[in-house]
Every structure is written in structure tokens, then in C-alpha cells.
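Trainee: Following this message is one structure expressed as C-alpha cells.
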Amino acid sequence: MLFTFLLVVHIIVATALVAIILVQRSEGGGLTSGGSPGGLMSARGAADFLTRTTAILAGIFVLLSIALAALASVERAPSTIDTSLVGKTAGPASAPAPAPVSDDPLAAAAAQGGGVASNGAAPQ
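For the sequence shown, this note's numbering assigns the number 7 to the initial residue and increments by one for each residue that follows.
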């Protein structure tokens, strides 16, 4: 219930943020028709108001995004852990025995069929 409420508020804030950004005057003129200095607010006052409103709405948008993500992870978390696969691991695979280690490199090469003669000379 809270998630749905925050989601609706989030959509309203996002829509308002888009609308405020589109109304702001850009270098190209924006979507506004320009403010008259004789109106309720001057052009500069309107720009400050819109900039401040954009910053506030952007902050609310970010906070709502974080709150919705946290709420979604808590509500959707499993309440129990599935233990049906515990103890069904496969046994160790049979591996070949390791080769014996020797300190003498010539004896090790001869045991592996490296072609080293007993006198240490390499075959031609």
C-alpha cells in the first residue's frame, strides 16, 4: 500500500519536474512567451523561482527513487531460505595421481621419456 502511494507521488513529481524544466527560459527562448516586467513577477524573479523549484523537485525525485528502491527490496525479499539443495553436492572427481617430484632434473626427464642419455648428453 505504501509502495503504491509513493509510486503515485513519484509519478506526479516526475511530471511536475518535466513541466517546470520545459517552461524555463533557455537560450533559444524555451516554451514561454516571455514575461512582462509589469506582471506579478519580473522575468528575473520568475527565473529564480523556476530554478529553485527545479532543484527542490529534483531533490524530492531522488529521495523518492531511493525510498522506492529500498521499499521494493524489503517487500520483495524472501521470508525463508530454500534449503532443498543442501547436502546434494557431487563427490570429488577422480583425478590422476600427481607425478613424483625429483631433485635431479636429468632423472625426472628420463622418467618422463625426455630422451636424455644417462651420461647427460642430449641425443642427436
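Glycine included, each C-beta is placed from N, C-alpha and C at the ideal position.
1) Compute the Euclidean distance between the alpha carbons of L12 and T60, then round it to the nearest angstrom.
2) With 16 as the cutoff for other CB atoms within 10 Å, does L63 come out buried or exposed?
3) Distance check for L91 and A20, CA to CA, integer angstroms please.
4) Work out the CA separation of K94 and L8 for me, nearest whole Å.
5) Looking only at its chain, what residues have a beta carbon closer than 7 Å to the beta carbon of L56, apart from the 5 residues adjacent to it on each side?
6) Distance check for S79 and L70, CA to CA, integer angstroms please.
7) Looking at the structure shown, is I17 part of a helix, part of a strand, or coil, going by DSSP?
8) My output table needs one value for L91: the three-state DSSP class, helix, strand or coil.
9) Looking only at its own chain, which residues have a Cβ that is under 7 Å from the Cβ of V15, when we skip the five neighbours before and after it?
Mentor: According to the structure data:
1) The sequence position of residue 12 within the sequence shown is 6, counting from 1. The sequence position of residue 60 within the sequence shown is 54, counting from 1. Those two C-alpha atoms are separated by around 20 Å.
2) Working through the sequence shown from its first residue, we reach residue 63 at position 57. It is buried - the Cβ of L63 has at least 16 other Cβ atoms within 10 Å.
3) The residue labelled residue 20 in the question sits at position 14 within the sequence shown. The residue labelled residue 91 in the question sits at position 85 within the sequence shown. Taking the straight line joining both Cα atoms gives about 45 Å.
4) In the sequence shown, residue 8 corresponds to position 2, counting from 1. In the sequence shown, residue 94 corresponds to position 88, counting from 1. Looking at the two C-alpha atoms, the distance is approximately 41 Å.
5) Your numbering for residue 56 matches position 50 in the sequence shown. Excluding residues within five positions, the ones whose Cβ falls inside 7 Å are I26, V29 and Q30.
6) Here residue 70 refers to the residue found at position 64 when the sequence shown is read from its first residue. Here residue 79 refers to the residue found at position 73 when the sequence shown is read from its first residue. In a straight line, the C-alpha of L70 is about 14 Å away from that of S79.
7) Translated into positions along the sequence shown, residue 17 becomes position 11. Note: I17 maps to helix in three-state DSSP.
8) As a first step, residue 91 is located in the sequence shown; it is residue number 85 there, counting from the start. Coil, per DSSP.
9) Here residue 15 is taken as the residue at index 9 of the sequence shown, counted from 1. Closer than 7 Å at Cβ, skipping near neighbours: L70.
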